[in-house]
Amino acid sequence: MSFNHVVVWLDQAEAHVIHFTREAAESEVIKTASVHARHKKAGVDASVESKQDPEYLNEIAAAIEAAQEILIVGPGQEKLVFIKHLEKHHAAVAAKVVSVETVDHPNDGQLLAFARKYFVKEDIMH
Numbered sequence: 001m002s003f004n005h006v007v008v009w010l011d012q013a014e015a016h017v018i019h020f021t022r023e024a025a026e027s028e029v030i031k032t033a034s035v036h037a038r039h040k041k042a043g044v045d046a047s048v049e050s051k052q053d054p055e056y057l058n059e060i061a062a063a064i065e066a067a068q069e070i071l072i073v074g075p076g077q078e079k080l081v082f083i084k085h086l087e088k089h090h091a092a093v094a095a096k097v098v099s100v101e102t103v104d105h106p107n108d109g110q111l112l113a114f115a116r117k118y119f120v121k122e123d124i125m126h
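Start counting the sequence shown at 1; every next residue gets the next number (the UniProt record's numbering).
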């Protein structure tokens, strides 16, 4: 089956990729091998963001390259790291991104419902 739309929810540990139409959907989960360290700075716990695993970002890009319209969502900054990675290394995929949105931690059913509603609202659901 051919899917024109894809939604990607990602954080530093994993990405949920759902290819979908109005009637059908296929999903996969991509996990990173990257390890993020934590340390104390001036007596306050602070995250030290190790450079994100480029293999993780490339694997996500490969999983979505066939889509015509891409919605990228997530709870933190990782979605912005991903879009910058796409722009730098996968320009053809980046050109298909219709929006980057903040979304907390939905299950896959909630994520699919959000994406379908988004594309219908934007009048780009084919």
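Where a beta carbon is used, it is the ideal one built from N, C-alpha and C, also for glycine. This structure is a prediction, so every number in the text was calculated from the model and none was measured.
Inset, instruction - Just grab the DSSP bridge partners of V97 for me. - result: I70
Legend entry - Reduced DSSP secondary structure (H/G/I, E/B, other) of A15: strand
Inset, instruction - Under 8 Å by Cβ, that's how I've got E65 and V93 pegged, so tell me the actual separation to the nearest angstrom. - result: 5 Å
Legend entry - Cβ neighbour criterion (16 or more within 10 Å) applied to H19: buried
Legend entry - A33 classed as buried or exposed, judged by whether at least 16 other C-beta atoms fall within 10 angstroms: exposed
Inset, instruction - Would you give the residue range spanned by the beta strand (DSSP E) that H5 belongs to? - result: 5-10
Inset, instruction - Would you check if the distance between the CB atom of H85 and the CB atom of L57 is smaller than 8 Å? - result: yes
Inset, instruction - Could you check which residue in A25, D104, H89 has the C-alpha nearest to that of I72? - result: D104
Legend entry - Bridge partners - A25, DSSP secondary structure assignment: F20
Inset, instruction - Can you say whether Q110 is buried or exposed, counting buried as having 16 or more other CB atoms within 10 angstroms of its CB? - result: exposed
Inset, instruction - Taking all protein chains shown into account, decide if A67 is buried (16 or more other Cβ within 10 angstroms of its Cβ) or exposed. - result: buried
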